[in-house]
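Trainee: Take a look at this one; I'll ask things after.
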Amino acid sequence: MKEKEFDFNEFMESMKQAVAISKGEMQPSRMFVFSPINVKEVREKTNKNQEEFANMIGVKVGTLRNWEQGRRKPDGAALTLLKIVAANPKYVEQILHV
1 MKEKEFDFNE FMESMKQAVA ISKGEMQPSR MFVFSPINVK EVREKTNKNQ EEFANMIGVK
61 VGTLRNWEQG RRKPDGAALT LLKIVAANPK YVEQILHV
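Here the sequence shown stands for residues 1 to 98, where the numbers follow this note's numbering.
Spelled out as structure tokens, the structure:
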């Protein structure tokens with residue numbers, strides 16, 4: 001694939017558009033919206049109580065409660081693990097030997 005040559009005028013136009021979007025003067029051409037993970041629903045798929053589930057994924061019970069009650073949101077490795085548990089709870093339990 002041939003690399004596109006840098007076009008300063010195109011770059012300046014995109015910067016003007018970015019400023020207009022941030023000021024609310026223009027709508028972005030596309031947006032990415034991520035729905036938050038429902039931690040309580042994920043835990044319930046495993047048929048575990050809060051303490052058991054927190055131990056399984058390696059977090060404090062208080063942290064799990066904060067996620068379930070919406071006071072905090074999981075991120076990083078914890079979010080990744082929760083997504084894996086949501087997709088296949090039995091597999092995770094088998095791998096983690098819980």
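All C-beta atoms, glycine included, are put in the ideal place defined by N, C-alpha and C. This structure is a prediction, so every number in the text was calculated from the model and none was measured.
1) Tell me the residue span of the alpha helix (DSSP H) that contains residue 76.
2) Check for me: the alpha helix (DSSP H) holding residue 16 runs from which residue to which?
3) Indicate whether residue 48 and residue 68 have their beta-carbon atoms separated by less than 8 Å.
4) With contact counted as at least three CB pairs below 8 Å, one residue from each stretch, are the region 89-98 and the region 43-60 in contact?
Mentor: Reading off the structure:
1) Segment 76-87, the alpha helix (DSSP H) holding residue 76.
2) Following the DSSP letters along the chain, one finds residue 16 inside the alpha helix (DSSP H) bounded by residues 8-22.
3) In this structure, residue 68 does not lie closer than 8 Å to residue 48 by Cβ.
4) Three or more beta-carbon pairs drawn from the region 89-98 and the region 43-60 are found closer than 8 Å, and the two stretches are therefore classed as touching.
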